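Participant: The sequence shown begins at 66 in this note's numbering and counts up one residue at a time.
Think of the CB as a built atom: it goes at the ideal place given N, C-alpha and C, for glycine as much as any other residue.
Bear in mind the structure is a predicted one, so any value in this text is a computation, not a measurement.
One structure, as structure tokens, below. Some questions next.
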Amino acid sequence: MTEPVLNVVGLRKYFPISKKYFGKRKSFVKAVDDVSFQIERGKTLGIVGESGCGKTTIGKTILGFYEPMAGKVFFEGKELFTLNKKEFREIRWKMQMIFQDPLSSLDPRWTVRNILSEPFIIHKREKGKQKEELLVQIIDLVGLAERHLDAYPHEFSGGQRQRIVIARAMVANPALMILDEPTSALDVSVQAQILNLLQDLQRKFGITYILISHNLSVIKHMSDQIGVMYLGKIVEMSPSRELFSKPLHPYTKALISSIPDPTTETEEITLEGEVPSPIDPPPGCVFHPRCLYRKQKCSRSIPGLFKVSEDHDVSCFLYQEQWENSR
66 MTEPVLNVVG
76 LRKYFPISKK
86 YFGKRKSFVK
96 AVDDVSFQIE
106 RGKTLGIVGE
116 SGCGKTTIGK
126 TILGFYEPMA
136 GKVFFEGKEL
146 FTLNKKEFRE
156 IRWKMQMIFQ
166 DPLSSLDPRW
176 TVRNILSEPF
186 IIHKREKGKQ
196 KEELLVQIID
206 LVGLAERHLD
216 AYPHEFSGGQ
226 RQRIVIARAM
236 VANPALMILD
246 EPTSALDVSV
256 QAQILNLLQD
266 LQRKFGITYI
276 LISHNLSVIK
286 HMSDQIGVMY
296 LGKIVEMSPS
306 RELFSKPLHP
316 YTKALISSIP
326 DPTTETEEIT
336 LEGEVPSPID
346 PPPGCVFHPR
356 CLYRKQKCSR
366 SIPGLFKVSE
376 DHDVSCFLYQ
386 EQWENSR
């Protein structure tokens, strides 16, 4: 096996919300709680879950927007959190992010030319004629014309703005791109075009994607591997096809049963209660208060990720015996 382009080990990110006297922290929002995964070069890892489960926080912590509380992230073999500012800045050039709302990601006072030129200026890269030639190539790469370089963001449609955001990321010829709900702010008629563009760029340049979404249809269409998140934890990790054909975790089953599919008759699974607060998560398995199959053990112990097949892991005591017998 080749070395993964990204390897995340035991990542934790808590946000303090109150303090005791003498500055001691009292309570936290446990946005990301002991998350591990790895991605091969040129592949797509989809991360899916309900709003507030910590999907976006994972991406922002990997890219250095947030400082982690614990864990390690290795990008192309280098441990990111041990690098100094200069070293991190060099490697950060190869990691880009596409945000959910393209309009809020673009400076309304700048032309597209200024927007695409900014990464070259910040990272002291190509200048002059060489930079201008690259800008023309990149804007054409995302399906826009050279004349668009002198227009402002408000002159474009939502889909065109997202193409500009993608073009800005492609300026760096990145090895890793984190896609945070890249189509949720777009019209349905445009979403497929943007997803197809991202797939074309992946095939052409071998880019590795982390696709963050709550839309299971988008995740299924784009992903090679899928991680299902619940309350800051990954509860199931599986190849895309296997996850949809053979979901194991009760939460995953409930998510997939909610996909409208007129071609098949599937029983919709209704979950009990509401998602617990990440400030005060339940003891044991975080999903057990809503689980239809919970046992007494689930409220006392936290299940690890049990490997039930070569590439399929699930955090549920229902599969512990199967995992133990296979060892």
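(1) Here's the rule I'm using: 16 or more other beta-carbon atoms within 10 Å means buried, otherwise exposed. How should Thr335 be labelled?
(2) Does the count of Cβ pairs from the region 270 to 284 and the region 350 to 367 closer than 8 angstroms reach three?
(3) When we look at the beta-carbon of Lys78 and count the other beta-carbons within 10 Å, is it buried (16 or more) or exposed?
(4) State the beta-bridge partners of Lys372 as determined by DSSP.
(5) Per DSSP, which residues does Ala135 bridge with? Please list them.
(6) Just to confirm, are Tyr384 and Pro315 a CB contact at a threshold of 9 angstroms?
(7) Have a look at Arg212, Val379, Ile324 and flag the residue whose alpha-carbon is nearest the alpha-carbon of Glu291.
(8) Using DSSP's beta-bridge definition, name the partner residues of Asn72.
(9) Could you tell me the distance, in whole angstroms, from the CA atom of Phe185 to the CA atom of Arg154?
(10) In angstroms with no decimal places, state the Cα-to-Cα distance between Ser310 and Pro304.
(11) CB-CB under 6 angstroms to Pro69, same chain, minus the five flanking residues each way: which ones, in chain order?
(12) Judging by CA-CA distance, which residue of Val236, Lys137, Glu132, Pro133 is the nearest neighbour of Val73?
(13) Using 8 angstroms for Cβ pairs, my map puts Ile344 next to Ile82. What's the rounded Cβ distance?
(14) List the endpoints of the continuous alpha helix (DSSP H) containing Leu308.
(15) Going by DSSP, what residue range makes up the beta strand (DSSP E) through Gln267?
(16) Across the region 247 to 257 and the region 165 to 181, are there enough close Cβ pairs to call them in contact, namely three or more that are closer than 8 angstroms?
(17) Per DSSP, what kind of secondary structure is Thr122 in: helix, strand or coil?
(18) DSSP on Ala237, reduced to helix/strand/coil?
(19) CA-CA distance, Gly223 and Val373?
Facilitator: On the basis of the data shown:
(1) exposed
(2) no
(3) buried
(4) Asp378
(5) Arg77
(6) no
(7) A small fix is needed here, since residue 291 is Ile in this sequence, not Glu. Checking every option, the nearest Cα to that of Ile291 belongs to Val379.
(8) Gln103, Phe139
(9) 13 angstroms
(10) 10 angstroms
(11) Gln103, Ile104, Glu105
(12) Lys137
(13) 7 angstroms
(14) 305 to 310
(15) Premise fails: Gln267 lies in the alpha helix (DSSP H), 253 to 270, not in any beta strand (DSSP E).
(16) yes
(17) helix
(18) coil
(19) 42 angstroms
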